[in-house]
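Residue numbers (the UniProt record's numbering): 1 to 279.
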């Protein structure tokens, strides 16, 4: 009797172990690919509790989440012969778990290698200015280069971003000098344009003042008011030219002031020289 109970216990334990080995749980963000004796068995298993045949079946769980994979920094030479170090990040997700399991041995390592090779290719085809200022176009080109082989593996590339571009110190100093020279050029151009506009306005003001002399006096008085507001300087006011002209027109013409009669306003008598007799 005891032997029968022991055998029944062993059978029950074996059945429990068998059932436990045949039950699998697939998470919501996963899909299960079942291989029976090495052959694909049906469609991928949906999330939830699923059963497989013990010993015969093997389930491979594939994550369907978006994966963020950093691409190691790659050294390269740009098209304009500048040595740079560029790193990037790739966002991808699996859309066909069967292809991921059957068609490629390790899809993550494959994506990483393709990303590194594509990044080196992009560096060699691009100029330094494009790497620094036109990254959107380079990101799109890199995404196309990665997406072409990844589609055959059941992987979709969502996005590729170039994170950083490291330059040599000598190139940084050269770019700093170039930027400084460019800013100096812009400042000189702006100053010259301002002087040109000021000269044009001054020429127009001079024409108005030439047509209306009183405007010059008003401008002079305004300047005096502006200078006097500081109260820290001595002001020398020039004598108005118009006042001098007014006094000149109001003054009578001058007379001969050589004799006293002329000075008193009396008529000057005439003197005659007596004739001299000659023998």
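Using N, Cα and C, we set each Cβ at its ideal position, and we do this for glycine too.
These numbers were taken from a predicted model, which means no experiment stands behind them.
Where residue i falls: helix, strand or coil (DSSP)
i           : result
residue 48  : strand
residue 63  : strand
residue 96  : coil
residue 154 : coil
residue 43  : coil
residue 231 : coil
residue 149 : helix
residue 281 : Because the chain in this structure spans residues 1 to 279, residue 281 falls outside the shown range and cannot be described.
residue 258 : With a pLDDT of only 48 at residue 258, under the threshold of 50, the placement of this residue in the model should not be trusted; the figure read from the coordinates follows. Coil, per DSSP.
residue 206 : helix
residue 159 : strand
residue 2   : helix
residue 56  : coil
residue 101 : helix
residue 86  : strand
First through last residue of the alpha helix (DSSP H) which encompasses residue i
i           : result
residue 222 : 213-228
residue 120 : 107-125
residue 167 : Taken as a continuous stretch (DSSP letters only), residue 167 belongs to no alpha helix (DSSP H), as it is neither H nor E.
residue 130 : 128-133
Rounded separation between residue i and residue j - CA only
i           : j           : result
residue 139 : residue 22  : 46 Å
residue 280 : residue 151 : Limits of the chain in this structure are 1 at one end and 279 at the other, which puts residue 280 out of reach.
residue 111 : residue 146 : 8 Å
residue 72  : residue 127 : 21 Å
residue 9   : residue 54  : 20 Å
residue 90  : residue 178 : 33 Å
residue 187 : residue 217 : 36 Å
residue 101 : residue 15  : 31 Å
residue 77  : residue 130 : 13 Å
residue 56  : residue 40  : 12 Å
residue 25  : residue 121 : 43 Å
residue 219 : residue 194 : 22 Å
residue 64  : residue 74  : 28 Å
residue 116 : residue 192 : 50 Å
residue 83  : residue 124 : 10 Å
residue 228 : residue 249 : 33 Å
residue 80  : residue 169 : 17 Å
residue 34  : residue 109 : 22 Å
residue 302 : residue 107 : Summary: the structure shown does not reach residue 302, with the chain confined to residues 1 through 279, and so no result is reported for it.
residue 104 : residue 156 : 14 Å
residue 221 : residue 200 : 23 Å
residue 12  : residue 99  : 39 Å
residue 18  : residue 51  : 11 Å
residue 171 : residue 184 : 20 Å
residue 234 : residue 251 : 33 Å
residue 225 : residue 196 : 28 Å
residue 173 : residue 144 : 34 Å
residue 94  : residue 5   : 51 Å
residue 68  : residue 2   : 60 Å
residue 205 : residue 230 : 26 Å
residue 211 : residue 203 : 13 Å
residue 119 : residue 66  : 21 Å
residue 137 : residue 62  : 32 Å
For residue j and residue i, believed in contact at Cβ under 8 Å, the rounded distance
i           : j           : result
residue 85  : residue 181 : So it is not a contact: roughly 26 Å between Cβ atoms.
residue 97  : residue 154 : 7 Å
residue 158 : residue 92  : 6 Å
residue 114 : residue 149 : 6 Å
residue 190 : residue 88  : Not confirmed; about 39 Å, so no contact.
residue 142 : residue 160 : 5 Å
residue 215 : residue 208 : 6 Å
Residue range of the unbroken beta strand (DSSP E) whose run includes residue i
i          : result
residue 32 : 30-36
residue 24 : 23-26
Cβ of residue i within 8 Å of any chain C Cβ
i           : result
residue 148 : You won't find chain C in this structure, because it holds only one protein chain.
Proximity test, residue i beta-carbon vs the ligand FAD heavy atom, cut-off 7 Å
i          : result
residue 44 : Among the components modelled here there is no ligand, and therefore nothing to report on the ligand FAD.
Contact between the stretch 44-51 and the stretch 26-34 (3+ Cβ pairs under 8 Å): Yes, they touch.
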